DNA sequence: AACGTCATCGCAATCGTTTGCGTTAAGAAA
DNA sequence: TTTCTTAACGCAAACGATTGCGATGACGTT
């Protein structure tokens, strides 16, 4: 009904007192008489006065807002991260601004500028696959905005990082395939320009080595989507010695591989074991259920936010570079049991 | 490195001119000499000056921010809605603030207050299951903040609404079960205090009637989660005449039902056909693949945002109450084919 | 009577930016 | 020389709220 919202001046005018008095009355300042306080509070309630956060921000230079840049919100992992971020921020009275890069470098840059313009107090970021140049993020850091990286981290920053131990997780996952009798284990790899891609490949290699299996380059195929998994399977199963186990760098890829195998009449896990990565909501819904590495997205988002908020409260605070969130192997049915 | 960010005054002081001149120079005002403009622009670039959006907001009372209140971001449907919102908002130069209610009424109220304090220019909301009192939303509307409801709408508002035709969608889904030979069709229903729950039940009933099948109350069981689906199946399959078709109000419930049936050695769809609702990402990943109703979450979010932005630009604008986003039946493998 | 005390309140500056209006000086027109 | 234009810029108020400081009266104290 009303065009603009109620301000402190509206209250002052209606009561015939000054804005300062209204302001003080509202926050129970001792200089104000109880009578005046009562009048002010009553009218404020009646008029549904809500302090203008924008004006407060301008004066205090505290916006109570933190930002998040993520690749794509529709991925279960990222939306669970956001959920963790939101819960912790909410507890601390902070609001969250979400920015998607959609895996585009250009958009990530625009997002960073928007974050700066809006004087976001801190930013959490998981970089896009396309991002190789980090100038836009340095700009944020140079402007005094605390940064925390999570999952897809960038190097060369003093910022804290929250990640899982990708190497260890990949090692453990691959090791499980070895232990359960797989002899020829393939890896569907993430882009190698991302640290997570590199680390997971490394973990895979080391687990093979420690398990006494040879590392063969032809068993590593770049694929990180359902569609690419189809190509991967087409390629892998036509090798002279097709794999009997597959470690995929994420669940979607794993499921794509599983479906592709089943279409070709291979049995999972009898003919080929499949190990995913991320433990998305749907890994429970496949047949067989997908074995995977639980990445604890919620916890990751929550932890990143806690660190960021501490950093905002005390700019000198640092968790100490890198916080590693635990992962755990979730063995379901897509891997053999002995 | 720097504590605070560069302002127009910093530029003015360094150049020995007034802030007004800097402001005008930056926006290419004709009153300013080319020489001065050059100096100002050069220094602004060098100092990485970014206008303070907070100060601009205070002056213009335009925050360029819209808000969204959703139940839970981790649901594929909602995160795809957000994705649509974000894309359209981004195109229009708006930022998005996300608030989760986590299906809690209390939190929804707090969120509404935060939205008001932050002078969000418009709000999209999908109400929580717990919400029966809409005072907090009326407060937003009374403060002149345009509202657009989507999916889980509230009644008694002048705001626009974006929904799917739940009745029609449920009708079509049920009809497909009828057409493919199901004679005893059960319905796993959403909470009946939500309009979507009521409409879907209604569509189910009408499809039965038009298909010449009797409506039996014992075939309707409230269940809208994987866990509750287990109870539902336990109950339904012990009926004197157990169902040979199930229409669930969402995919998760449908999948839960499917798994519960399979654990009991029933074949899907030979013994029991299953129809879901929402067409989440994972309906493709089950075995058999789940037939469902595609709810087009992205399009819904995008459309709601378009309407909201128009309403912000012109407070008198109204789409005309209710925009219905198309749905379509996605027939996969969990329903019989003849 | 003169002064101090204290409760209660208003003034004005501030945050960063915009903008209507006034000011200045140089050059043109008379 | 005087007056009028005009280009180029500065002053100050405004957005909404906060806050140090000063102002005002009503008291009580000597």
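Residue numbers (UniProt numbering), protein chains in the order written: chain A, 1 to 338; chain B, 1 to 338. Just so you know, even glycine gets a beta-carbon here, dropped at the ideal spot from N, CA and C. The structure presented is a predicted model; accordingly, all values stated were derived computationally and were not measured.
Buried versus exposed call for residue i [16 or more other C-beta atoms within 10 Å across all chains shown]
| i | result |
| --- | --- |
| residue 232/A | buried |
| residue 192/A | exposed |
| residue 225/B | exposed |
| residue 155/B | exposed |
| residue 123/B | buried |
| residue 158/B | exposed |
| residue 151/B | buried |
| residue 45/A | exposed |
| residue 252/B | buried |
| residue 5/A | buried |
| residue 240/A | exposed |
Span of the beta strand (DSSP E), counted from its first residue to its last, around residue i
| i | result |
| --- | --- |
| residue 5/A | Taken as a continuous stretch (DSSP letters only), residue 5/A belongs to no beta strand (DSSP E), as it is neither H nor E. |
| residue 66/A | 65-70 |
| residue 322/B | 322-325 |
| residue 245/A | 245-248 |
| residue 57/B | It is not in any beta strand (DSSP E) - residue 57/B instead sits in the alpha helix (DSSP H) that spans 53-60. |
| residue 274/B | 273-275 |
| residue 290/B | Counting along the chain, residue 290/B falls outside any beta strand (DSSP E), and DSSP gives it neither H nor E. |
| residue 147/B | 147-150 |
Any C-beta of chain B under 8 Å from that of residue i
| i | result |
| --- | --- |
| residue 73/A | yes |
| residue 18/A | no |
| residue 325/A | no |
| residue 76/A | yes |
| residue 9/A | no |
| residue 363/A | Coverage of chain A is limited to positions 1 through 338, which leaves residue 363/A absent and any answer about it impossible. |
| residue 95/A | yes |
| residue 305/A | no |
| residue 131/A | no |
| residue 255/A | yes |
| residue 5/A | yes |
| residue 98/A | yes |
| residue 282/A | yes |
Three-state secondary structure assigned by DSSP to residue i
| i | result |
| --- | --- |
| residue 122/A | strand |
| residue 297/B | helix |
| residue 138/A | helix |
| residue 111/B | helix |
| residue 28/B | coil |
| residue 43/B | helix |
| residue 83/B | helix |
| residue 117/A | helix |
| residue 88/B | helix |
| residue 190/A | coil |
| residue 15/A | helix |
| residue 23/B | helix |
| residue 335/B | coil |
| residue 213/A | coil |
Start-to-end residues for the alpha helix (DSSP H) that takes in residue i
| i | result |
| --- | --- |
| residue 167/B | 166-179 |
| residue 96/A | Looking at the DSSP string, residue 96/A is not in any alpha helix (DSSP H); the run it does join, the beta strand (DSSP E), is 95-100. |
| residue 204/B | 195-210 |
| residue 231/A | 226-236 |
C-beta neighbour in chain A for residue i, strict 8 Å
| i | result |
| --- | --- |
| residue 119/B | yes |
| residue 250/B | no |
| residue 50/B | yes |
| residue 293/B | no |
| residue 268/B | no |
| residue 143/B | yes |
| residue 86/B | yes |
| residue 152/B | no |
| residue 273/B | no |
| residue 79/B | yes |
| residue 260/B | no |
| residue 92/B | no |
Pairing CB atoms from the stretch 297-305 of chain A with CB atoms from the stretch 69-89 of chain A, are three or more of them under 8 Å? When Cβ pairs closer than 8 Å are counted between the two stretches, the stretch 297-305 of chain A is seen to touch the stretch 69-89 of chain A, the count reaching three or more.
Are the stretch 314-327 of chain B and the stretch 304-323 of chain A in contact at 8 Å, needing three or more beta carbon pairs? Remark: fewer than three beta-carbon pairs, one from each stretch, lie closer than 8 Å, so the stretch 314-327 of chain B and the stretch 304-323 of chain A are not flagged as touching.
Cβ pair count under 8 Å reaching 3, the stretch 89-101 of chain B against the stretch 96-113 of chain A: Contact holds between the stretch 89-101 of chain B and the stretch 96-113 of chain A, because three or more Cβ pairs, one in each stretch, are under 8 Å apart.
Can you find at least 3 beta carbon pairs, one from the stretch 108-115 of chain A and one from the stretch 59-75 of chain A, that sit closer than 8 Å? Yes, the stretch 108-115 of chain A touches the stretch 59-75 of chain A.
Does the stretch 129-143 of chain B come into contact with the stretch 251-267 of chain B, if we say contact requires no fewer than three beta-carbon pairs (one atom in each stretch) closer than 8 Å? These segments do not touch.
So does the stretch 181-200 of chain B actually touch the stretch 283-296 of chain B, counting three or more Cβ pairs closer than 8 Å? Output reads no: the stretch 283-296 of chain B does not touch the stretch 181-200 of chain B.
State whether the stretch 266-276 of chain A contacts the stretch 57-69 of chain A, with contact taken as three or more CB pairs (one from each stretch) at a distance under 8 Å. No: the two stretches stay apart, fewer than three of their Cβ pairs being nearer than 8 Å.
Touch check for the stretch 163-170 of chain A and the stretch 197-216 of chain A: three-plus C-beta pairs under 8 Å? In the pairwise beta carbon analysis, the stretch 163-170 of chain A is classified as touching the stretch 197-216 of chain A: at least three pairs are separated by under 8 Å.
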